[in-house]
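The structure appears below as structure tokens.
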Ligand code: ZN
């Protein structure tokens, strides 16, 4: 009994694991027609597409390659509306008169042009111009060759009524009808005939569908004229069903299609093609997203209608991390939502600890938090580092070459994060920032602040007092036009000059200059005015070359580098001979 039960369970599980829609069991064999249009695309193709769309009819277009690029929009529409796109050579020659290379290039050039729209790897059917073929050209073409069993001679009559009558008089179940969409009369005649045949119960399908529905495989190099009824109708392809689930705060999409069909989909609202995602099981998406999918036995001509669905489960707002005197509090503006957090260095998930009340932190803690709720997807994860010295950063973490210097520079008041606790270690230091750092480092205390002679630094600027001091002390000068350019990034050679000058103004005696700056492999890039200051910086160990012996004089200084240099300056300065001013 136990064994029978487990077999039963296994069977149930097996059934459930295939998220498929049962295939349509056709109860009657429908009358099918493949209507085909050659020699386009051209301007009339669009009117034809409007007419086919209004009637819910699918057709097959044998296109001439050299017309494709100029009419790419039309080809794109043919493909997107579920018609079949097919190859009718590059320039419409009689293939049996061509060299082998000529035949191959006629076919492959067209295929390349079509692939640009339908996606690489698309398979095409072929029709030879004038129906002219022999066994040798067929072997070169390498595709099934589609002829016809009803030639409307539309190119000869150029008369819509004559075209319509030809179709109505000679069509039978399984026919392949030859028309040319380069004649407006063919478009009118075909649409009129379609109206009549629809009332007679015919269903219009692509050439590929005509054969698939009747269970007839198409073989490369073979000729096909029609596909008469044979008692088989596998039925049309059911559109896939797209559903979403929320698991662990993330949005997942599942797409189900009938057995044997593949599913192609996009997540940006565009029409899927051969190069789009091929569905291989439930997948996560960001919200909102639009999934557009088709079930297909072949994306070019044997696919379902497209299904498009937008999923908009909102995402919770990222939590805010606040630390006051070593006590962590977390909050989110999303209601109702819970904040989850971890302090062990792992990224927070909705399985982490739920936040309920402030937590006392240990120094060195790495905080990670996310917010989520029943009706909300998990927010982006927010991380931060509570340093040894009690600073908090969202973008400085332990283990980097600059971490300790930044921690110290901030604790010492030389530098600071922004009000959201971002230090921006990789951002370039501006001239205004460098002067401010140095001003704070030097702990300048003054009663009044002399005006600055620069038009681009005003009293409300954070760097104003620092610029006033540095200008007055001769540490900086401006640019022509009474400009200081406070937002301009500082290069390594500029910073060298500013720090060297600062030390001189503090009456520090620097080592004698011995031409060390010439030893750098990029010494030629050091500006002549900067060379003495570069030597000063190397001599006192504030700046070094990189591992390739370069000084990189013209590179911007990052905030992380500035912190390291400032901390080194604090170590070096007291040991330099000279007197404080
Ligand atoms: Zn043709």
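In this note's numbering, the protein residues as written are 4 to 584.
All C-beta atoms in this analysis are idealised placements derived from N, C-alpha and C, irrespective of residue type, glycine included.
None of the values given here were measured: they were computed from a predicted structure.
Collapsed DSSP secondary structure at residue i in the structure displayed
i, result
"residue 94", "coil"
"residue 169", "helix"
"residue 188", "helix"
"residue 376", "strand"
"residue 318", "strand"
"residue 193", "helix"
"residue 137", "coil"
"residue 500", "helix"
"residue 265", "strand"
"residue 533", "coil"
"residue 72", "helix"
"residue 128", "coil"
"residue 146", "coil"
"residue 223", "coil"
Supposed contact pair residue j and residue i - C-beta distance, whole angstroms, cut 8 Å
i, j, result
"residue 385", "residue 324", "6 Å"
"residue 533", "residue 496", "4 Å"
"residue 265", "residue 299", "6 Å"
"residue 630", "residue 296", "There is simply no residue 630 to check, as the chain begins at 4 and stops at 584 in what is shown."
"residue 144", "residue 88", "Not a contact, Cβ separation roughly 16 Å."
"residue 210", "residue 63", "5 Å"
"residue 170", "residue 180", "6 Å"
"residue 136", "residue 98", "7 Å"
6 Å CB neighbourhood of residue i in its chain, flanking five on each side removed
i, result
"residue 122", "276, 277, 278"
"residue 536", "499, 500, 503"
"residue 308", "242"
"residue 105", "none"
"residue 289", "none"
"residue 27", "Reliability fails at residue 27, whose pLDDT of 48 lies under 50, so the model's placement of it is uncertain and no value is given."
"residue 142", "224"
Alpha helix (DSSP H) segment containing residue i, residue limits
i, result
"residue 442", "434-444"
"residue 160", "157-160"
"residue 214", "210-216"
"residue 117", "103-121"
"residue 77", "75-83"
"residue 367", "Counting along the chain, residue 367 falls outside any alpha helix (DSSP H), and DSSP gives it neither H nor E."
Residue i versus residue j - alpha carbon distance
i, j, result
"residue 1", "residue 229", "Because the chain is modelled from 4 through 584, residue 1 falls outside the range shown and cannot be assessed."
"residue 241", "residue 247", "19 Å"
"residue 194", "residue 51", "8 Å"
"residue 238", "residue 216", "6 Å"
"residue 184", "residue 177", "21 Å"
"residue 508", "residue 419", "25 Å"
"residue 580", "residue 411", "25 Å"
"residue 186", "residue 165", "13 Å"
"residue 569", "residue 553", "21 Å"
"residue 271", "residue 311", "10 Å"
"residue 16", "residue 285", "Model confidence at residue 16 stands at a pLDDT of 38, short of 50, so the residue's coordinates are unreliable; what they give is reported in the following sentence. Near 17 Å, if we compare the C-alpha coordinates of residue 285 and residue 16."
"residue 74", "residue 233", "38 Å"
"residue 576", "residue 506", "8 Å"
"residue 566", "residue 318", "37 Å"
"residue 469", "residue 332", "35 Å"
"residue 437", "residue 491", "10 Å"
Sequence-distant residues of its chain with Cβ nearer than 7 Å to residue i (five each side left out)
i, result
"residue 79", "120"
"residue 465", "439"
"residue 223", "145, 146, 147"
8 Å CB neighbourhood of residue i in its chain, flanking five on each side removed
i, result
"residue 538", "516, 517, 518, 519, 520"
"residue 467", "452, 455, 460, 461"
"residue 96", "105, 109, 132"
"residue 130", "39, 41, 65, 89, 90, 91, 148, 149, 150"
"residue 416", "443"
Start-to-end residues for the beta strand (DSSP E) that takes in residue i
i, result
"residue 409", "Careful: residue 409 lies outside any beta strand (DSSP E), inside the alpha helix (DSSP H) at 406-414."
"residue 294", "292-301"
"residue 574", "Where residue 574 is concerned, there is no enclosing beta strand (DSSP E), although the alpha helix (DSSP H) it sits in stretches over 562-575."
"residue 49", "That residue, residue 49, is in no beta strand (DSSP E); its alpha helix (DSSP H) goes 46-58."
"residue 387", "385-389"
Any non-hydrogen atom of the ligand FMN closer than 7 Å to residue i Cβ
i, result
"residue 198", "This structure lacks the ligand FMN; its bound ligands are the ligand ZN."
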